[in-house]
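Below is one structure, written out as structure tokens; comments come after it.
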Amino acid sequence: LQDSGVGKSSIVSRYVQDHFGHNITPTIGASFMTKTVPCGNEFHKFLIWDTAGQERFNSLAPVYYRGSAAAVIVFDITRERSFHSVKRWVKELEERGPENIVMVIAGNKCDLSDTREVSVKDAKEYADSVGAVFFETSAKNDVNIEEVFQEISK
């Protein structure tokens, strides 16, 4: 979940297909991907909805997160405004999402840390305050992408 341009589709593409595309077009509505991974003596199948970030699609979000075990809320570390939107999405999940949903907050584009507008400290403190797990990620450089989904599968 999150607004447009933060890298949601890039994270999903990196995780499912081990691919990063430099010119991804905005998601319309949502896209759906799956990935089955070993976890101990079992296999976990991830059913991943990649939701559109444009505001006109926000009302559709509950259709995709209803019944979900987890939500990854992504922001762009180089755009402080996207971090403020995380709070809106967390509030929505708390009010309308499934009970006990696992929330992971991903500060994406850590490969661009020289233009950072959101500190790791601020993001981690906020995640801790709402019971979420925080990771800094880079879909481009494959940083902490696998770890986000490993955390969800715990």
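With my numbering, the residue at position 115 of the sequence shown is 1197, and numbering never jumps. The C-beta atom is built at its ideal place from N, Cα and C for all residues, glycine as well.
Anticipated Cβ contact below 8 Å, alanine 1221 with isoleucine 1130, distance rounded:
The pair is not a contact, with the Cβ atoms about 14 Å apart (cut-off 8 Å).
Three or more C-beta pairs below 8 Å linking the stretch 1204 to 1222 and the stretch 1113 to 1131
no
Cβ contact (3+ pairs, closer than 8 Å) linking the stretch 1216 to 1234 and the stretch 1174 to 1181:
no
So, at 6 Å on beta carbons, what are the nonlocal neighbours of lysine 1117 in its own chain, with the 5 sequence-adjacent residues on each side left out?
Val1098 and Phe1128
Could you give the uninterrupted runs of the alpha helix (DSSP H) lying entirely in the stretch 1143 to 1176, keeping only those of 4 residues or more?
1143 to 1147
For proline 1120, which beta-bridge partners are listed by DSSP?
Phe1125
May I ask you to report which of helix, strand or coil DSSP gives isoleucine 1093?
helix
I believe glycine 1089 touches lysine 1191 by the beta-carbon criterion, under 8 Å. Please report the beta-carbon distance rounded to the nearest angstrom.
6 Å
Serine 1195 burial status per 10 Å Cβ neighbour count (16 or more: buried)
exposed
Any idea what DSSP makes of valine 1088, helix, strand or coil?
coil
Alpha carbon to alpha carbon, what distance is there between phenylalanine 1114 and phenylalanine 1139?
At phenylalanine 1139, the pLDDT of 42 sits below 50, so the modelled position is not reliable and the matter cannot be decided from this model.
Determine which residues share a DSSP beta bridge with glycine 1189 and list them.
Phe1157 and Glu1218
Taking valine 1186 as the reference, which of Glu1162, Val1119 and Trp1171 has the closest Cα?
Trp1171
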